[in-house]
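Asks: Below is one structure. I have some questions about it.
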Amino acid sequence: AEGLAMQPVHEDGWRGRPVYVVGAAAGDGHTKQFWIDKERLLFVRLIEPSRSDPTAIDVATGKAVGTVALGGKPEAASSDGAGTIYVNVENRNELAAFDAKTLTVKAHYPLTGCESPSGQAMDVAHARIFSVCDGGVMTVTDARSGKVVTTVKIGDGPDAARFDPASGLVFSSNGGSGTMTIAHEDSPDKYTVLDNVETARGARTMELDPKSHRLFVVSSVMNPAPAATADNPRPRPTVVPGSFRLIVLGR
Numbered sequence: 364a365e366g367l368a369m370q371p372v373h374e375d376g377w378r379g380r381p382v383y384v385v386g387a388a389a390g391d392g393h394t395k396q397f398w399i400d401k402e403r404l405l406f407v408r409l410i411e412p413s414r415s416d417p418t419a420i421d422v423a424t425g426k427a428v429g430t431v432a433l434g435g436k437p438e439a440a441s442s443d444g445a446g447t448i449y450v451n452v453e454n455r456n457e458l459a460a461f462d463a464k465t466l467t468v469k470a471h472y473p474l475t476g477c478e479s480p481s482g483q484a485m486d487v488a489h490a491r492i493f494s495v496c497d498g499g500v501m502t503v504t505d506a507r508s509g510k511v512v513t514t515v516k517i518g519d520g521p522d523a524a525r526f527d528p529a530s531g532l533v534f535s536s537n538g539g540s541g542t543m544t545i546a547h548e549d550s551p552d553k554y555t556v557l558d559n560v561e562t563a564r565g566a567r568t569m570e571l572d573p574k575s576h577r578l579f580v581v582s583s584v585m586n587p588a589p590a591a592t593a594d595n596p597r598p599r600p601t602v603v604p605g606s607f608r609l610i611v612l613g614r
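Quick note on numbering: the sequence shown equals residues 364 to 614 in this note's numbering.
Now the structure itself:
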């Protein structure tokens with residue numbers, strides 16, 4: 364395959380099934396590689412590291428004023444309110460911190476135990492960053508030291524995280540399992556999962572209203588995905604017309 368090495372090969376696991384990983388050594392998430400189901404010999408995953416530097420925009424003029432050289436693929440980000448932005452770098456399994464004024468990167472912190480971090484939230488008062496990851500894991504990072512202090516078990520297929528300072532609750536919207544994980548911050552380094560509320564499969568995009576403390580997620584009913592082809596090995600399912608819905612969660 365173009366741009367893909369056929370060596371090295373090692374065995375790993377993916378969503379509970381054994382796989383062959385082709386093109387990268389064990390533990391290497393930075394090299395282009397593809398994963399094959401060991402028993403069914405079907406293509407299941409492609410990791411293709413890319414770079415897309417975040418762009419800073421002057422809100423007064425609407426013009427771009429610069430970019431941030433993260434060295435990887437950015438995902439969700441949070442601000443500490445004091446001039447530092449923390450952003451998940453998906454293909455490097457890390458958290459990057461940069462200066463919001465100079466746009467210079469201050470540090471790269473490994474997210475130990477996290478694969479493909481996506482959604483993120485922050486408890487600014489206690490300097491804790493919540494990154495949701497593949498494999499049903501949310502990491503909790505001390506923003507001052509950059510160290511992961513604990514992990515929390517969440518649902519599958521997360522894409523967003525929110526923190527409610529008034530209640531001390533952390534939320535993860537999990538589109539794969541169709542759940543909302545709700546965890547309580549007992550202390551900055553200790554968290555208790557209170558519930559995994561059923562939402563809908565695909566309900567990953569989320570927002571929190573800090574005044575009403577309600578959560579909003581969206582989803583649609585999907586048609587079965589078409590058969591894979593050589594030109595489109597990972598075809599996406601299409602949306603059933605008229606099935607889009609907004610799901611509201613409240614206490």
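Every residue gets a Cβ at the ideal spot worked out from N, C-alpha and C, and that includes glycine.
Since this is a predicted model, take the numbers as computed values, not measurements.
Under three-state DSSP, which class holds Asn454?
Replies: Correct three-state label for Asn454: helix.
Asks: Between Leu433, Pro598, Pro551, which has its C-alpha nearest Arg491's C-alpha?
Replies: Taking only the C-alpha atoms, the option nearest Arg491 is Pro551.
Asks: With distances taken between CB atoms, is the gap from Lys401 to Val382 smaller than 8 Å?
Replies: Yes. Within cutoff.
Asks: In the structure shown, what three-state DSSP assignment does Lys464 receive?
Replies: Lys464 falls in the coil class under three-state DSSP.
Asks: When we look at the beta-carbon of Phe397 and count the other beta-carbons within 10 Å, is it buried (16 or more) or exposed?
Replies: Flag for Phe397 reads buried.
Asks: Between the Cα of Lys395 and the Cα atoms of Gly429, Asn454, Leu404, Ala484, which residue gives the shortest distance?
Replies: Lys395 has its Cα closest to that of Asn454, out of Gly429, Asn454, Leu404, Ala484.
Asks: Between Leu612 and Met485, what straight-line distance do the alpha-carbon atoms span, to the nearest angstrom?
Replies: Going by the C-alpha atoms only, they are around 20 Å apart.
Asks: Taking the alpha carbon of Arg597 as the point to measure from, which residue in Ile410, Ala389, Pro371, Gly605 has its own alpha carbon closest?
Replies: For Arg597, the nearest C-alpha among the options comes from Ile410.
Asks: Between Asp400 and the ligand FMN, is the CB less than 7 Å from at least one heavy atom?
Replies: The ligand FMN is not part of the structure shown, which contains no ligands of any sort.
Asks: For Gly539, which residues from the same chain have a beta carbon less than 6 Å from its beta carbon, with the 5 sequence-adjacent residues on both sides left out?
Replies: Counting only Cβ-Cβ distances below 6 Å, and skipping sequence neighbours, we find Asp519, Gly520.
Asks: Let's test the definition: count the other Cβ atoms within 10 Å of the Cβ of Val450 and tell me whether it reaches 16, buried, or not, exposed.
Replies: So Val450 ends up on the buried side.
Asks: Given a cut-off of 8 Å, decide if Met543 and Val515 are closer than it, judged by their beta-carbon atoms.
Replies: No. Outside cutoff.
Asks: Apart from the five residues on each side of it in sequence, which residues of its chain come closer than 7 Å, Cβ to Cβ, to Asp549?
Replies: For Asp549, where only same-chain residues beyond five positions count, the Cβ hits under 7 Å are Thr555.
Asks: I need the boundaries of the beta strand (DSSP E) containing Glu438, first residue and last residue.
Replies: 437–442 is the extent of the beta strand (DSSP E) around Glu438.
Asks: In three-state terms, what does DSSP make of Ala590?
Replies: Of the three classes helix, strand and coil, the one that applies to Ala590 here is coil, per DSSP.
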